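What follows is a set of notes on a single structure, which appears directly below.
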Amino acid sequence: MSTNTELIRTSYAAFQRGDIDAALSVFHPDVTWTHPNGMADYGLGGTKKGLDEVRAFMARARTVFSELRQEPHEFLESGDRVVVLGVLHMRGARSGVAGAVRMVHSWHLADGKVTHFEDLHDTHDVRRIVEPSGPQHRPRLDAPDRIIDAGLGFWTAKVLQAAVELGLFTELAAAGPLEAEQLRARLGLHGRGLRDFLDALVSLGLLERDDGRYRNLPPADTFLDASKTDSYIGGLLEVASQQWYDPWGRLHEALRTGEPQDNIPEGTDGPFETLYADPERTRRFQRAMTGGSTGSIAAIIDKIPWSRYRTVADIGCAEGALISRVLRRHEHLTGTGFDLAAVAPYFEETASETGVGDRMSFQPGDFFTDPLPQADVIVLGHTLHDWDLDTKRMLLRKAYEALPEGGRVVVYEALIDDERRRNTFALLMSLHMLVESPSGFDYTGADCLGWMAEAGFRDCYVEHLAGPESMVVGVK
Ligand SMILES: C[S@@+](CC[C@H](N)C(=O)[O-])C[C@H]1O[C@@H](n2cnc3c(N)ncnc32)[C@H](O)[C@@H]1O
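Each residue of the sequence shown is one higher than the one before, starting from 1 at the first, in UniProt numbering.
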């Protein structure tokens with residue numbers, strides 16, 4: 001190994017031990033140290049010159065982060081430069097929120113001393129950790145109008161769901177701007193309430209109206225046009241309307257009895273077998289899962305170091321959105337979708353439509369009775385939350401058994417924040433499990449880190465993905 005890389009490794013090791021003097025001993029007294037400008041709000045951005053300024057920077061960093069750990073993964077050396085790829089694990093001092101952010105460190109050396117260091121990372125991700133009042137945190141209900149708005153939240157929900165179920169956005173995407181009367185005829189509507197319905201969607205920022213003609217705004221065009229299969233999320237709203245709305249109407253009953261409210265007759269099979277007995281509901285559910293996972297999948301494609309791995313298995317893969325999208329971006333990978341046999345036709349459809357069918361295959365199975373498929377990376381998306389604690393732990397144990405040394409498990413879903421006071425969506429998702437499943441519940445990143453450690457995983461971390469969702473990653 002070259003001396004430059006060795007030198008830098010010792011600096012990381014010293015920093016990890018908290019031995020700042022040793023960490024800085026490899027730096028030239030006139031070193032320049034550059035941090036992203038986006039961190040200037042916390043007194044950290046810009047370029048520092050000389051060891052005193054670097055020490056002051058580190059002291060400042062300790063007031064912003066109560067924990068800061070660098071996990072270097074790759075050292076790429078070229079001449080007098082070393083570039084290090086890795087992950088920064090941090091906890092916001094004020095927020096208490098922990099998370100991980102990808103980092104690129106660029107080191108310049110001359111005569112065995114570091115002359116310039118630059119830390120590159122996405123400051124937007126850091127902001128979510130330092131100031132957790134981002135999209136996960138809904139406005140507090142601190143005024144009568146806000147309380148009423150939240151209490152009547154189902155009005156907005158039903159307008160959105162009806163628009164999706166009627167195919168309004170898909171029609172507008174295909175036909176271009178249409179007058180209310182044209183929409184009435186094309187969608188087979190009565191006409192009463194139509195203008196209010198369309199203008200409500202204008203007020204919500206999904207439609208625009210010019211000279212009496214309605215058109216999709218970009219969010220509706222991208223996410224609610226069913227013909228854009230890669231970005232469509234409306235499947236989730238269809239299921240919300242047709243399957244979840246009624247049971248949620250009996251939330252109070254679920255809280256009284258602890259029983260799910262989805263009308264599954266007692267003594268029938270598990271929730272998924274009952275759901276999959278009906279092909280129409282099965283198809284709808286598959287589309288809903290894809291819709292709900294689209295944002296997180298896009299982030300996972302970038303946030304796992306896929307170049308180090310050759311195979312990926314998605315446990316509870318539904319129609320295969322994750323496998324097909326990861327494989328499309330990372331052409332060296334092959335993937336296995338593992339799910340109940342009833343899901344096979346929908347997975348095969350995805351395989352044939354996405355152009356990566358030769359690299360993805362379906363393995364039917366039941367994770368209660370079968371081992372999981374062997375792969376370098378095993379993904380469990382929105383799967384642990386369906387089940388009780390013993391099953392969650394059992395699935396992580398099985399994932400550990402199926403991975404090679406160095407392989408990764410990736411668990412992703414809406415994680416409740418560790419203090420259980422911010423991520424409203426994740427808390428509501430857990431109530432959704434109450435209403436929809438016999439024993440499921442959502443959990444915090446800290447909970448999952450604990451279960452992973454019990455299963456034997458090391459170097460575990462939590463990283464934000466999209467909206468209210470995060471992933472927990474562990475290495476075998
Ligand atoms: C909530 S969905 C999540 C789907 C997908 N991973 C996602 O995030 O969009 C749970 C998945 O677990 C699958 N599943 C349920 N019970 C299973 C079992 N016993 N064995 C294998 N898969 C199962 C379901 O069929 C479903 O596809």
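For each residue, glycine too, the CB sits at the ideal point set by N, CA and C. On a predicted model such as this, the values are computed, not experimentally measured, just so you know.
Practice task
Leaving out five residues on either side along the sequence, give the residues of the same chain with a beta carbon under 7 Å from the beta carbon of residue 64.
Solution key: In the sequence shown, counting from the first residue as 1, residue 64 sits at position 64. These residues qualify, in order along the chain: 42, 44, 93 and 130.
Practice task
Confirm the yes/no value for this check: CB of residue 382, any heavy atom of ligand 1, distance under 7 Å.
Solution key: For the purposes of this step, residue 382 is taken as residue 382 along the sequence shown, with counting starting at 1. Yes, Cβ of residue 382 sits closer than 7 Å to a heavy atom of ligand 1.
Practice task
Report the three-state DSSP secondary structure of residue 97 (helix, strand or coil).
Solution key: One-based indexing of the sequence shown puts residue 97 at position 97. Coil, per DSSP.
Practice task
Could you please give me the residues that DSSP links to residue 362 through a beta bridge?
Solution key: In the sequence shown, counting from the first residue as 1, residue 362 sits at position 362. DSSP lists 337 as partners of residue 362.
Problem - Helix, strand or coil at residue 70 [DSSP, three-state] - result: Within the sequence shown, the letter at position 70 stands for residue 70. Residue state, collapsed to three classes: strand.
Practice task
Return the CA-CA distance between residue 237 and residue 164, expressed in angstroms with no decimal places.
Solution key: The residue you call residue 237 lines up with position 237 of the sequence shown. The residue you call residue 164 lines up with position 164 of the sequence shown. Looking at the two C-alpha atoms, the distance is approximately 7 Å.
Handout entry: alpha helix (DSSP H) runs contained entirely in the region 191 to 237, provided each spans 4 or more residues
Key = 194 to 203 and 218 to 223
Practice task
State the beta-bridge partners of residue 412 as determined by DSSP.
Solution key: Here residue 412 refers to the residue found at position 412 when the sequence shown is read from its first residue. Per DSSP, 381 and 471.
Exercise for the section: Could you say if the region 395 to 413 and the region 435 to 454 meet the contact criterion of at least three C-beta pairs nearer than 8 Å? Expected result: yes
Problem - Exposure label - residue 135; buried when at least 16 CB within 10 Å - result: One-based indexing of the sequence shown puts residue 135 at position 135. Confidence is the limiting factor: at residue 135 the pLDDT is only 44, short of 50, which leaves the residue's position unreliable and the question unanswerable from this model.
Handout entry: Coil, strand or helix - residue 135 by DSSP
Key = Indexing the sequence shown from 1 puts residue 135 at position 135. For residue 135, the predicted model reports a pLDDT of 44, less than 50, meaning its position is unreliable and no value from the coordinates is stated.
Problem - Host beta strand (DSSP E) of residue 314 (start-end) - result: For the purposes of this step, residue 314 is taken as residue 314 along the sequence shown, with counting starting at 1. 311 to 315 is the span of the beta strand (DSSP E), which, as asked, contains residue 314.
Exercise for the section: Using a threshold of 8 Å, state whether the C-beta atoms of residue 372 and residue 384 are closer than that. Expected result: Indexing the sequence shown from 1 puts residue 372 at position 372. Indexing the sequence shown from 1 puts residue 384 at position 384. The answer is no: Cβ separation not under 8 Å.
Exercise for the section: Quick one: which unbroken alpha helix (DSSP H) runs of 4-plus residues sit fully inside the region 425 to 472? Chain order, please. Expected result: 445 to 455
Handout entry: Where the alpha helix (DSSP H) through residue 391 begins and ends
Key = By 1-based counting over the sequence shown, the position of residue 391 is 391. Segment 389 to 402, the alpha helix (DSSP H) holding residue 391.
Exercise for the section: Look up residue 110 in the DSSP assignment and say whether it is helix, strand or coil. Expected result: Residue numbering aside, residue 110 sits at position 110 when the sequence shown is read from its first letter. Strand.
Problem - Classification of residue 19 by the beta-carbon crowding that lies within 10 angstroms, buried from 16 upward - result: One-based indexing of the sequence shown puts residue 19 at position 19. The residue is exposed, with fewer than 16 neighbouring Cβ atoms inside 10 Å.
Problem - Inter-residue spacing [alpha-carbon to alpha-carbon] between residue 8 and residue 26 - result: For the purposes of this step, residue 8 is taken as residue 8 along the sequence shown, with counting starting at 1. For the purposes of this step, residue 26 is taken as residue 26 along the sequence shown, with counting starting at 1. Approximately 8 Å between the Cα atoms of the pair.
Handout entry: Rounded separation between residue 306 and residue 330 - CA only
Key = By one-based count along the sequence shown, residue 306 stands at place 306. By one-based count along the sequence shown, residue 330 stands at place 330. Distance between the alpha carbons of residue 306 and residue 330 is about 7 Å.
Problem - heavy atom of ligand 1 below 7 Å from residue 347 C-beta - result: Taking the sequence shown and counting its residues from 1, the one referred to as residue 347 is at position 347. No, since every heavy atom of ligand 1 falls outside the 7 Å radius drawn around the Cβ of residue 347.
Practice task
Using only the heavy atoms of ligand 1, determine whether one of them is closer than 7 Å to the beta carbon of residue 7.
Solution key: Mapped onto the sequence shown, residue 7 falls at position 7. Incorrect: residue 7 has no Cβ contact closer than 7 Å to ligand 1.
Problem - Collapsed DSSP secondary structure at residue 369 in the structure displayed - result: Reading the sequence shown from its first residue, position 369 is the one you call residue 369. Coil.
Exercise for the section: Would you mind giving the Cβ-Cβ distance between residue 117 and residue 159, rounded to the nearest angstrom? I have them listed as a contact below 8 Å. Expected result: As a first step, residue 117 must be located in the sequence shown, where it is residue number 117. As a first step, residue 159 must be located in the sequence shown, where it is residue number 159. Their Cβ separation, rounded to whole angstroms, is 53 Å, which puts residue 117 and residue 159 out of contact at 8 Å.
Handout entry: Heavy atom of ligand 1 within 7 Å of residue 344 beta-carbon
Key = Here residue 344 refers to the residue found at position 344 of the sequence shown. It does not: the Cβ of residue 344 is nowhere closer than 7 Å to a heavy atom of ligand 1.
Practice task
State the DSSP-derived secondary structure class of residue 279, mapped to helix, strand or coil.
Solution key: Residue numbering aside, residue 279 sits at position 279 when the sequence shown is read from its first letter. Residue state, collapsed to three classes: helix.
Handout entry: Beta-ladder partner(s) of residue 178, from DSSP
Key = Along the sequence shown, one-based indexing puts residue 178 at 178. 214, per the DSSP bridge assignment.
Exercise for the section: Could you tell me which residues DSSP puts in a beta bridge with residue 46? Expected result: Residue mapping note: residue 46 aligns to position 46 of the sequence shown, counting from 1. Looking at the DSSP assignment, residue 46 forms a beta bridge with 35.
Exercise for the section: Determine the DSSP secondary structure at residue 349, reduced to helix, strand or coil. Expected result: In the sequence shown, residue 349 corresponds to position 349, counting from 1. Helix at residue 349.
Practice task
State whether the region 98 to 109 contacts the region 119 to 126, with contact taken as three or more CB pairs (one from each stretch) at a distance under 8 Å.
Solution key: yes
Exercise for the section: Let me know if residue 227 comes out buried or exposed under the rule of 16 or more other beta-carbons within 10 Å of its beta-carbon. Expected result: Residue numbering aside, residue 227 sits at position 227 when the sequence shown is read from its first letter. Classification for residue 227: exposed.
Handout entry: Residues bridged to residue 118 [DSSP beta-bridge criterion]
Key = If you number the sequence shown from 1, residue 118 lands on position 118. Beta-bridge pairing links residue 118 to 34 and 106.
Practice task
Pull up the distance between the alpha-carbon of residue 141 and that of residue 148, whole angstroms please.
Solution key: Within the sequence shown, residue 141 is the residue found at index 141, counting from 1. Within the sequence shown, residue 148 is the residue found at index 148, counting from 1. Answer to the nearest angstrom: the Cα atoms are 9 Å apart.
Exercise for the section: With hydrogens ignored, establish whether the beta-carbon of residue 501 is closer than 7 Å to any heavy atom of ligand 1. Expected result: Any question about residue 501 goes unanswered here, given that the chain covers just 1 to 476.
Problem - beta-carbon residue 340 near ligand 1 non-hydrogen atom, thresh 7 Å - result: One-based indexing of the sequence shown puts residue 340 at position 340. It does: the Cβ of residue 340 is within 7 Å (strictly closer) of some heavy atom of ligand 1.
Handout entry: CA-to-CA distance, residue 462 to residue 471, given in whole angstroms
Key = Residue 471 sits at position 471 when you count from the first residue of the sequence shown. Residue 462 sits at position 462 when you count from the first residue of the sequence shown. Approximately 6 Å between the Cα atoms of the pair.
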